[in-house]
Each structure stands twice: as C-alpha cells, then as structure tokens.
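Everything in the sequence shown is counted per our numbering, starting at 1 for the first residue and increasing by one.
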Amino acid sequence: MVLKKATTDDVESVIEICLTAGRLMIEGGSEMYRVEDTMSRIARNAGIEDPRVFATPTGVFISLNGGEFAQITQVRDRNINLELVDRVNELSREFAAEKITLRQLRGRLQQVANATPTFPLWLQVICASLLSATLMILFTGEYDWLDFPVAAVIGAIGFLIYIFMKKYTRIRFLAELLAAIFMTLITVWCHQIFRSLNIDAILIGSLMTLVPGVALTNALRDLFSGDLISGIARGVEALLTAVALGGGVGIVIKFLGA
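Written out as structure tokens, the structure reads:
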C-alpha cells in the first residue's frame, strides 16, 4: 500500500524525496513551475496537506507542516537532459497512481540520479557536426560544397573542446569562450588555405552547437509564468553564454584581422 497519511517520522523522508526530485528536474533543464508542481504533488500524495515549495535555478526550498520542517538543497550543475525530467515526472505519476510506495519512489529516484542514460560522446560529436553543417545552410541560405564539410568538422572539434574544457575547468563560460576561440582560429586557418571559404557562414553554423536556445526559451517561459527570479537568472546565464561565444570570435578576429 502507498503511504497516504504521513507521520512525524515520515516527514523528513518526504522532504528528502521532494528535494531530490526537484534537484534532478532542474539539473535536466526543467521549467520552475513544473519543478514546484511535481514536488508539491509528491508531498500531497504522501499525506502532506499544505506543502510549500520554492524553486530557483540554484536552489530548491521546501517547507512542510506549516513551517515546522524546512530544508534547502543546492543545484550546482544545470544541463539540458529531457530524459531526466521525463523520468522524474513519470515516477511522480506512478506514486500518485499508487503503483509504487514512498520507499520505492525514494529508491527509484536514486537510481535515476545515478544511472540516467546519456548518448555516448562519439554520437554527440556526430550530431554536433551534422547540426553545424545543416544550420549553416538554414541561417545563411547559401553554401558551396567546400563550406559544408568544413563547418561540420569545425563544429565537431569545437564541441569536443567545449566538453573537454568544461570537464577539467568546471567553469562553463570559460569552456565556451575557449571553444569559440579555437573554432575561429581553425576557421581562419582553413580560410588561409582555401580562399573560397566563407568564414562568416562557417562560424555561424559551427557555433550553433553551443548557442543557449533552450535556456532562452525556458527563461521566457519562467518570466511569463511569473517566476521572475528564475526567468531573470536563466536569461542572464544565456546572455553570458552569448557573450562568451561572441567574445571568443571577436578576440581572434581582432588580433588576426580576419
């Protein structure tokens, strides 16, 4: 049977489960209203009548039993992983439908946190190369058969540099800046060899793998739904990414005069 009336001993467990679910959803790139709704739904189905939840991109707050029990958890890593968001949502629905117990929900959330499948790096690199080449055509409306493979290769190399730098520096904006610098350097170098290459078109396509499109969309969604703190924070985060990418290109163009 699913627990429908939480006792005092169960409240801390409910808090931990709700905070874990909220943290995972934010790490996967979910909107704040969805995070708060999922956490509140879990608490209510566990027997809590008036859960109070507040989510931001960097932390999740929850209070139960009229403020008698309250905790916060930090969110340090934020990516786009819709598989993670979907799995947490599905577990909350199963708990609401009494298909799993509170203890099972806690264990399943830990499994999701530790073993959410991700695409292998080689497949991500291939997708980045295809994305760079095709978006170059989409945004510029012109290309030749030499620009297409060059944009694909530079997009793949830039994505690899970003992944490598982010792993070892743990500073996302620095990784994006360095990736943009290397992509621009490689593009300029290729242009020195093949003068017919269109530098602007190649850079537009290759940089699209790092452009924060989903972050901007979620920022607008949060703003329109009334989550002003989250919307502004995510908007600033997306703006910093744009500045890092533009700054990396500008630095190379300025000093090389390309």
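Cβ atoms here follow ideal geometry from the backbone N, Cα and C, with glycine treated the same way.
What are the boundary residues of the beta strand (DSSP E) that residue i is part of?
i	result
S63	G59 to L64
Alpha helix (DSSP H) containing residue i: first to last residue?
i	result
R41	M32 to N45
T169	D147 to T169
R78	Taken as a continuous stretch (DSSP letters only), R78 belongs to no alpha helix (DSSP H), as it is neither H nor E.
G231	L228 to L256
F139	L121 to T140
V112	L102 to A115
Return the Cβ separation of residue i and residue j in integer angstroms, given the expectation that the two are a contact with Cβ distance under 8 Å.
i	j	result
G205	S132	4 Å
T209	G246	15 Å between Cβ atoms; not a contact.
F69	E16	With 8 Å as the limit, F69 and E16 do not qualify as a contact, their Cβ atoms being about 11 Å apart.
Spell out the partners DSSP gives residue i in its beta bridges.
i	result
A180	Paired residue(s): none; A180 is not in a bridge.
T73	V60
A271	It is not possible to answer for residue 271, since the shown part of the chain is limited to 1 through 258.
Looking only at its chain, what residues have a beta carbon closer than 8 Å to the beta carbon of residue i, apart from the 5 residues adjacent to it on each side?
i	result
K5	Reliability of the predicted coordinates at K5 is poor, the pLDDT of 48 falling under 50, and no value is obtained from them.
D10	L3, A46, G47 and L102
M1	Its pLDDT being 36, under 50, M1 is placed unreliably by the model, and nothing is read from it.
With distances taken between CB atoms, is the gap from residue i to residue j smaller than 8 Å?
i	j	result
I80	G22	no
M39	I72	no
V14	E36	no
L146	F194	yes
V214	L256	no
A55	M136	no
V85	P57	no
V125	L160	yes
V244	A180	Checking the sequence, you will find Ala at residue 244 rather than Val. Cβ distance < 8 Å, so A244 and A180 count as in contact.
F182	G158	yes
T169	A175	yes
For the ligand SAM, is there any heavy atom lying closer than 7 Å to the beta carbon of residue i?
i	result
A175	With respect to the ligand SAM, the structure shown offers nothing to examine, as it has no ligands at all.
Return the chain-ordered list of same chain residues with a C-beta closer than 7 Å to the C-beta of residue i, the five sequence neighbours on each side being excluded.
i	result
L19	V60, I62, Q71 and T73
Y33	S225 and D227
R234	P57, A215, N218, A219 and D222
Using a Cβ-Cβ cutoff of less than 6 Å, which residues in the same chain neighbour residue i once the five nearest sequence positions on both sides are dropped?
i	result
M25	V35, V85 and V88
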